[in-house]
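A.B. asks: Sharing a structure, written as structure tokens. Questions coming.
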Amino acid sequence: MNAPALVPSRARPLAVSNWLLSICALIFVMVVVGGITRLTESGLSITEWKPITGAIPPLTEAQWSHQFELYKRIPEYQQLNSGMTLAEFKSIFFWEWVHRQLGRVIGLVALVPLVWFAARKAIPNGYGWRTGSIFLLVCVQGAIGWWMVASGLTERTDVSHVRLAVHLLTALFIFGFTLWTAFDLRSPGAEPRRVPTIGLWAFAALALQLLFGAYVAGLDAGYAFNTWPLMGGELYPEAAPWLEPVMRNFVDNPVTVQFIHRWWAFVVLVLAVVVARNVKAAGGRRESIFLHAAIGIQILLGIWTLLSGVSLHVAVAHQATAVLVVASFVAAVHRLAQAGQGASTALGTDRDDGRTYVPLIPSEVEGP
Numbered sequence: 080m081n082a083p084a085l086v087p088s089r090a091r092p093l094a095v096s097n098w099l100l101s102i103c104a105l106i107f108v109m110v111v112v113g114g115i116t117r118l119t120e121s122g123l124s125i126t127e128w129k130p131i132t133g134a135i136p137p138l139t140e141a142q143w144s145h146q147f148e149l150y151k152r153i154p155e156y157q158q159l160n161s162g163m164t165l166a167e168f169k170s171i172f173f174w175e176w177v178h179r180q181l182g183r184v185i186g187l188v189a190l191v192p193l194v195w196f197a198a199r200k201a202i203p204n205g206y207g208w209r210t211g212s213i214f215l216l217v218c219v220q221g222a223i224g225w226w227m228v229a230s231g232l233t234e235r236t237d238v239s240h241v242r243l244a245v246h247l248l249t250a251l252f253i254f255g256f257t258l259w260t261a262f263d264l265r266s267p268g269a270e271p272r273r274v275p276t277i278g279l280w281a282f283a284a285l286a287l288q289l290l291f292g293a294y295v296a297g298l299d300a301g302y303a304f305n306t307w308p309l310m311g312g313e314l315y316p317e318a319a320p321w322l323e324p325v326m327r328n329f330v331d332n333p334v335t336v337q338f339i340h341r342w343w344a345f346v347v348l349v350l351a352v353v354v355a356r357n358v359k360a361a362g363g364r365r366e367s368i369f370l371h372a373a374i375g376i377q378i379l380l381g382i383w384t385l386l387s388g389v390s391l392h393v394a395v396a397h398q399a400t401a402v403l404v405v406a407s408f409v410a411a412v413h414r415l416a417q418a419g420q421g422a423s424t425a426l427g428t429d430r431d432d433g434r435t436y437v438p439l440i441p442s443e444v445e446g447p
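Structure below.
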């Protein structure tokens with residue numbers, strides 16, 4: 080009996096994976112620009128949400144004056160920036176416009192190739208809902224961004240730190256989900272991988288740390304105490320105000336959220352070491368090194384951010400490295416998942432040309 084013949088499938092897992100990796104790269108840039116936007120207090124400079132027409136910035140002095148007049152109506156200007164000049168307004172407008180423009184670019188990059196790959200039936204079986212979900216999540220993230228901005232346009236002089244946390248964590252979830260899917264597509268046979276138990280614990284701990292990091296950013300809690308390892312000479316300052324009910328302190332108290340963010344980092348570090356040791360034993364030496372390096376650098380940057388008095392450049396580096404920490408955990412846990420599930424394939428043999436081949440059953444090859 081002759082061996083089964085191979086016929087080319089139209090699925091292109093490697094090409095789809097590369098597209099998803101490009102989305103991840105854009106999200107990384109988006110998070111960095113978002114950090115600059117927050118630290119320069121630029122986030123409320125654009126007071127309207129125009130997903131389409133807002134792509135064109137003010138081009139004439141009359142248009143700039145109109146945007147400035149809209150900004151003058153909100154509490155941030157009236158209470159904090161009443162002496163701002165038009166030139167200064169243009170500076171903060173720039174960062175918010177770039178941030179929103181990147182959101183539009185990510186939306187297009189998530190949509191146009193999706194339609195193209197779907198039309199050519201290049202998306203492997205089982206991945207249609209995932210790639211479609213990524214585009215939908217990007218759209219939802221845009222709406223969350225406006226929901227966040229809207230919280231600072233009427234009664235507050237800043238955005239809600241809770242909404243900021245939702246916005247940041249959604250961005251990082253989209254990044255992690257997209258990266259995991261890209262890795263799945265590069266696995267033998269493009270077989271989906273399930274998150275192992277240690278990975279679930281690691282992701283949960285990391286998500287909690289990122290949540291409190293967002294609270295620290297939104298409450299400007301990084302300015303509360305700029306010493307390390309103690310806060311004002313104490314582990315937790317006794318004179319710090321305490322809110323009622325007690326649970327509010329874990330959301331609204333700048334001292335408490337800074338304290339938790341400081342020390343939960345080491346819980347994440349322990350889990351990172353456990354994951355790194357396991358992945359190294361599974362043959363993932365590069366993933367182990369990447370995870371160790373990312374978490375170590377991130378903790379050092381966090382301490383430096385405090386000691387520097389929340390220097391713009393250091394704080395932005397800290398936020399950028401947070402994305403790399405997410406990437407390092409995803410890469411390591413995915414390698415563990417791949418080692419645990421083996422290298423079985425449902426689609427066939429991956430060739431060097433990146434195309435997937437589906438074997439024909441013998442009767443189709445040999446005939447009756």
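Residues 80 to 447 (the working numbering) are what the sequence shown spells out, left to right.
For each residue, glycine too, the CB sits at the ideal point set by N, CA and C.
Being a predicted model, the structure only gives us computed values, none of them experimental.
Tell me the DSSP secondary structure of G419 in three-state form.
C.D. replies: Taking the sequence shown and counting its residues from 1, one reaches residue 419 at position 340. Three-state result, G419: helix.
A.B. asks: Pull up the distance between the alpha-carbon of V349 and that of L149, whole angstroms please.
C.D. replies: Taking the sequence shown and counting its residues from 1, one reaches residue 349 at position 270. Taking the sequence shown and counting its residues from 1, one reaches residue 149 at position 70. The straight-line gap from Cα to Cα measures roughly 49 Å.
A.B. asks: Nearest-angstrom Cα distance between D237 and G231?
C.D. replies: Taking the sequence shown and counting its residues from 1, the one referred to as residue 237 is at position 158. Taking the sequence shown and counting its residues from 1, the one referred to as residue 231 is at position 152. C-alpha separation (whole angstroms): 5 Å.
A.B. asks: Under DSSP, the alpha helix (DSSP H) around G221 begins and ends at which residues?
C.D. replies: Position 142 of the sequence shown, counted from the start, is the residue given in the question as residue 221. Per DSSP, G221 belongs to the alpha helix (DSSP H) from G207 to A229.
A.B. asks: Excluding the 5 residues flanking M163 on each side, which residues of the same chain have their C-beta closer than 8 Å to its C-beta?
C.D. replies: In the sequence shown, counting from the first residue as 1, residue 163 sits at position 84. Taken in chain order, the residues that qualify are Y156.
A.B. asks: For V389, I'd like the list of residues in its chain whose CB is within less than 7 Å of its CB, leaving aside the five on either flank, ordered along the chain.
C.D. replies: Against the sequence shown, residue 389 aligns to sequence position 310. Correct list, in chain order: G301 and Y302.
A.B. asks: Restricting to Cα atoms, I'd like to know which of T276, P271 and L216 is closest to L247.
C.D. replies: Within the sequence shown, residue 247 is the residue found at index 168, counting from 1. Selected option, being the one with the closest Cα: L216.
A.B. asks: With a threshold of 8 Å, are at least 3 pairs of Cβ atoms found where one atom belongs to the region 106-121 and the other to the region 388-406?
C.D. replies: Output reads yes: the region 388-406 touches the region 106-121.
A.B. asks: I'd like the ranges of any alpha helix (DSSP H) spanning at least 4 consecutive residues and lying wholly in the region 251-300.
C.D. replies: Runs of the alpha helix (DSSP H) inside the region 251-300: 276-297.
A.B. asks: Would you kindly work out how many angstroms separate the C-alpha atoms of P92 and P154, rounded to a whole number?
C.D. replies: Residue mapping note: residue 92 aligns to position 13 of the sequence shown, counting from 1. Residue mapping note: residue 154 aligns to position 75 of the sequence shown, counting from 1. Taking the straight line from one Cα to the other gives about 50 Å.
A.B. asks: Just the C-alpha distance for W143 and G186, rounded to the nearest angstrom, thanks.
C.D. replies: Translated into the one-based positions of the sequence shown, residue 143 becomes position 64. Translated into the one-based positions of the sequence shown, residue 186 becomes position 107. So the alpha carbons of these two residues sit roughly 26 Å apart.
A.B. asks: Report the three-state DSSP secondary structure of E155 (helix, strand or coil).
C.D. replies: In the sequence shown, counting from the first residue as 1, residue 155 sits at position 76. Reduced to three states, the DSSP call for E155 is helix.
A.B. asks: Just confirm the distance between the C-beta atoms of H240 and G297, as a whole number of angstroms; I'd bet it's less than 8 Å.
C.D. replies: Taking the sequence shown and counting its residues from 1, one reaches residue 240 at position 161. Taking the sequence shown and counting its residues from 1, one reaches residue 297 at position 218. H240 to G297, Cβ: 3 Å. Contact.
A.B. asks: At a cut of 8 Å, does the region 120-138 reach the region 173-192 through at least three beta carbon pairs?
C.D. replies: Contact holds: three or more Cβ-Cβ distances are below 8 Å.
A.B. asks: Drop a sphere of 10 angstroms on the beta-carbon of A410, count the other beta-carbons inside from all chains shown, and report buried for 16 or more, exposed for fewer.
C.D. replies: For this step, residue 410 is matched to residue 331 along the sequence shown. Its Cβ being crowded by 16 or more others within 10 Å, A410 is buried.
A.B. asks: So, are the CB atoms of F262 and H371 less than 8 Å apart?
C.D. replies: In the sequence shown, residue 262 corresponds to position 183, counting from 1. In the sequence shown, residue 371 corresponds to position 292, counting from 1. No.
A.B. asks: Which partner residues does E167 have in the DSSP bridge list?
C.D. replies: Locating residue 167 in the sequence shown gives position 88, counting from the first residue. Beta-bridge pairing links E167 to no other residue.
A.B. asks: Taking contact to mean at least 3 C-beta pairs separated by less than 8 Å, is the region 250-262 in contact with the region 334-343?
C.D. replies: No, the region 250-262 is not in contact with the region 334-343.
A.B. asks: Give me the DSSP bridge partner(s) of M310.
C.D. replies: In the sequence shown, counting from the first residue as 1, residue 310 sits at position 231. Answer by DSSP bridge pairing, in chain order: E313.
A.B. asks: Thinking just about the alpha-carbon of each residue, which of Y315, Q377, G363 and F304 is nearest to the one in L385?
C.D. replies: The count along the sequence shown starts at 1 and reaches residue 385 at position 306. It is F304 whose Cα lies nearest to the Cα of L385.
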